[in-house]
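Note sheet for the following structure.
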Ligand code: IPD
Ligand code: CA
Ligand code: CA
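Here it is, written out as structure tokens:
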């Protein structure tokens, strides 16, 4: 393992501790706290009181231990720091599932060296916790990826036609229309598609073998930071357009060969789509 100036094992332990505490609060909430309170980008993009409360709890826990670190959270935006590390936090990934009583929602906590931007960060540690499924995935850079204590190793690549592939859709109708058109050109070439409603869990499912691959357009840094490290530490690849770093344009995860196929295929699909809509 390459030596690192960062206390990766401590950061990993902290991610776990924070995700567990937030998970307990989120899973234990009842009544109005679990209901949609505000909308964001569209009428279907909802925030509950618990999204905000959980992020407050997470921020307090980070500040108490590492006040010099920056924090990027979905609900509270960016708090600057001086250490060069940034915590990237989604207090509830899968809020729609949460409001419907579906179990696929998770707390995603990661810490990266650099800014909260996949183009320039190095993910040091991360934890995805789905309390309603008693599931805890975590990883530390160079320390491996784990699910409830079990070391994870990615499934071997299978042909695209045998790949069970997770994906997700944005909240704005016009974006969904483009995503649906892209999917229509892909679906017959895959084993099937799964849309569970939490990108963080989808990424962990690539790492634990419940999915062969995952792709989504439009993810934010907090949707992917922890899950991406779980994938790469399990031996997988997470890439973006043209095989570069993942980005809000495209995030693809899986074994290297599958990611290469998806990146190529999705890029050409996209070009075709934009030509069609001219
Ligand atoms: C969403 C989930 C969903 C994905 C969306 C995300 P949120 O996060 O990860 O699976 O398809 O793109 O925005 O809004 O529940 O935190
Ligand atoms: Ca999210
Ligand atoms: Ca969220």
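Residue numbers (our numbering): 162 to 439.
Where is the CB? At the ideal position from N, CA and C, for every residue including glycine.
In chain order, the residues that have a beta carbon nearer than 5 Å to some heavy atom of ligand 2 are 251, 254, 384.
A distance below 8 Å separates the beta carbons of residue 406 and residue 279.
For residue 183, there is no enclosing beta strand (DSSP E); the enclosing alpha helix (DSSP H) covers residues 169-189. With a cut-off of 7 Å, the C-beta of residue 375 is classified as distant from ligand 1, since no heavy atom of the ligand falls inside that distance. Residue 392 sits in a helix when the DSSP states are folded into three classes. At a cut-off of 3 residues, the continuous stretches assigned as beta strand (DSSP E) that sit fully inside the stretch 302-352 are 305-308, 325-328.
Secondary structure at residue 264: coil, using DSSP grouped into helix, strand and coil. Cβ neighbours of residue 263 within its own chain (closer than 6 Å, five residues either side excluded): none. DSSP places residue 251 inside the beta strand (DSSP E), whose first and last residues are 246-254. Residue 311 and residue 340 have their C-alpha atoms some 35 Å from each other. Judged by DSSP secondary structure, residue 226 falls within the alpha helix (DSSP H) whose first and last residues are 210-226. The stretch 225-239 and the stretch 372-386 touch, with no fewer than 3 CB-CB distances between them shorter than 8 Å.
Here residue 284 is bridged, per DSSP, to 273. Residue 210 and residue 314 have their C-alpha atoms some 36 Å from each other. Take the alpha-carbon of residue 292 and the one of residue 366: they are about 15 Å apart.
Within 7 Å of the C-beta of residue 359 there is at least one heavy atom belonging to ligand 1. Note that the C-beta distance between residue 410 and residue 396 is not below 8 Å. Residue 368 and residue 195 have their alpha carbons spaced roughly 29 Å apart.
Classified as exposed, residue 425 has fewer than 16 neighbouring CB atoms from the shown chains inside 10 Å of its CB. For residue 377, the pairing in a beta bridge is given by DSSP as 412. When only Cα atoms are considered, residue 429 and residue 225 end up about 47 Å apart. With a contact defined as Cβ atoms closer than 8 Å, residue 283 and residue 274 qualify at about 4 Å. Between residue 386 and residue 399, the CB-CB gap reaches or exceeds 8 Å. Comparing C-alpha distances from residue 328 to each of 375, 174, 349 shows the shortest one belongs to 375.
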